[in-house]
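For the sequence shown, the numbering used here gives the first residue as 176, with consecutive numbering after it.
Just so it is clear, CB atoms sit at the ideal spot from N, CA and C, and this is done for glycine as well.
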Amino acid sequence: MPYPAFHLSFFIFCISLVGVFAIAGSGFRREIGFKDVKHLSLLLFVGSVGSVFPDVPAVWNYLLYGNLQHTSIGTVPTHSLFFGLVAFILALALGYIIYRNISKASSLGIFAEAAFLSHLLLDDIADGGLTYLYPAYNEPLSIFVFMNVQLSGVNFFYYNFACFLSVFFIFCVMFMALLALKDLGFGFRYEPIE
Numbered sequence: 176m177p178y179p180a181f182h183l184s185f186f187i188f189c190i191s192l193v194g195v196f197a198i199a200g201s202g203f204r205r206e207i208g209f210k211d212v213k214h215l216s217l218l219l220f221v222g223s224v225g226s227v228f229p230d231v232p233a234v235w236n237y238l239l240y241g242n243l244q245h246t247s248i249g250t251v252p253t254h255s256l257f258f259g260l261v262a263f264i265l266a267l268a269l270g271y272i273i274y275r276n277i278s279k280a281s282s283l284g285i286f287a288e289a290a291f292l293s294h295l296l297l298d299d300i301a302d303g304g305l306t307y308l309y310p311a312y313n314e315p316l317s318i319f320v321f322m323n324v325q326l327s328g329v330n331f332f333y334y335n336f337a338c339f340l341s342v343f344f345i346f347c348v349m350f351m352a353l354l355a356l357k358d359l360g361f362g363f364r365y366e367p368i369e
């Protein structure tokens with residue numbers, strides 16, 4: 176399991192790279208006002224919380240039991256797409272309260288979900304499997320099952336398909352973040368929200 180600082184760094188420098196690029200460019204051109212700083216702070220907050228959200232039980236367990244068990248709340252695994260729905264709904268609600276626009280709120284929810292999924296992908300790489308499909312399937316699955324396997328140990332087609340699938344999932348998470356950031360005013364140039 177990567178530590179929270181790694182999850183946050185991966186979120187900022189990989190998942191929200193377009194936003195970082197837009198902020199830097201606009202900052203150098205002195206195009207960012209106070210309203211924009213509040214908007215950027217909200218995005219940073221939501222993405223940061225989303226990127227460490229699966230590990231929320233660690234705080235609870237540390238305070239109550241003195242351990243850092245972090246993968247479930249009762250019988251519900253927090254490292255699952257089901258729990259990711261909670262992150263999406265919380266960000267959607269926050270976005271609607273702030274923007275009063277369902278499109279912007281949905282984009283904020285998608286952005287939080289992309290940050291959440293980046294956490295799952297990093298833990299999958301480190302731990303070799305998560306319960307992605309809970310409650311439909313309760314056994315651990317790994318998207319990155321063949322990353323450390325020699326090609327000679329498996330079927331050539333299967334190996335290449337698994338490699339493509341691994342990269343494709345990372346691409347999907349980054350693309351989700353890109354589309355959400357575009358709708359929230361970021362492309363390769365920041366466009367302030369009206």
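{"Check": "Quick check: the Cα distance between ALA158 and LEU283, rounded to an integer number of angstroms?", "Outcome": "This structure cannot settle anything about residue 158, because the visible part of the chain is limited to 176 through 369."}
{"Check": "Between the region 252-272 and the region 215-233, are three or more C-beta pairs nearer than 8 Å?", "Outcome": "yes"}
{"Check": "For PRO252, which beta-bridge partners are listed by DSSP?", "Outcome": "SER247"}
{"Check": "So within the region 273-349, which uninterrupted alpha helix (DSSP H) runs reach at least 4 residues, ignoring any that extend past its ends?", "Outcome": "277-302"}
{"Check": "Does the Cβ of PHE407 have 16 or more other Cβ atoms within 10 Å, making it buried, or fewer, making it exposed?", "Outcome": "Residue 407 lies beyond the stretch modelled for the chain, which goes from 176 to 369, so this question has no answer here."}
{"Check": "Distance, Cα to Cα, ILE273 vs TYR312?", "Outcome": "36 Å"}
{"Check": "My understanding is that ALA266 touches MET351, with C-beta atoms under 8 Å, so please give their C-beta distance in whole angstroms.", "Outcome": "Not a contact, Cβ separation roughly 12 Å."}
{"Check": "If distances are taken between C-alpha atoms only, which option among SER216, VAL231, ILE285 and PHE339 comes closest to ILE318?", "Outcome": "PHE339"}
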